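S.K.: Pasting a structure here, questions to come.
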Amino acid sequence: MDSKVYAYETFLNETLREDLKKIIENRDKVYKEISEYLQLKAVIEKLKDEDCLGKELKTKVDLGCNFYVQANVPDPSVIFVKVGFGFFVEFTLEEALKFIDKKTACLMDQADEMTKSAAKIKAHIKLVLEDRYHHSGDNSVHGRRRVFLLVVNIGVRQY
């Protein structure tokens, strides 16, 4: 009986929880990328609203570690946008807005799929925990409540 409980524990800790952790980390990266595109969209819309097109634009550029330098943009009607795999493409502001809308929609689909995968893994974790408690003889309401609390908190804490 103890070997079966140990096998469940090993599968739970080394496989399911690690998979869940990786999926949540990847989903957070996708959400961060979506946030960056939405920030860029807001800046582009502000540039369009303030009618800065055709005029030189003074701005500050972050070089990293919050170290900023002043920059002059001679023509803010075209910008370079990161499209993926380290490539940047020159877009007009209208083209950039269309690209951002398509890219964020695609990224949201990816994030939704990752969320579904995380939910499936959480369900597997719950099944393993319930089976483990069943084999350990803890069939009380308190034991089932512990399973529920572990599943609810799985993305927040390491057990």
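Going by UniProt numbering, the first residue of the sequence shown is number 1, and it counts up by one from there.
We put the beta carbon where it would ideally sit given N, CA and C, even for glycine.
Please read all numbers here as calculations on a predicted model, not as lab measurements.
1) Going by DSSP in three states, residue 67 sits in which element: helix, strand or coil?
2) CA-CA distance, residue 93 and residue 8?
3) State the Cα-Cα distance for the pair residue 88 and residue 42, rounded to the nearest angstrom.
4) Can you name, in chain order, every residue of its own chain whose Cβ lies under 8 Å from the Cβ of residue 55, other than the five neighbours on each side?
5) For residue 57, report the span of its alpha helix (DSSP H) as first-last.
6) Here's the rule I'm using: 16 or more other beta-carbon atoms within 10 Å means buried, otherwise exposed. How should residue 108 be labelled?
M.R.: A quick look at the data gives this:
1) coil
2) 55 Å
3) 19 Å
4) 76
5) It is not in any alpha helix (DSSP H) - residue 57 instead sits in the beta strand (DSSP E) that spans 57 to 62.
6) exposed
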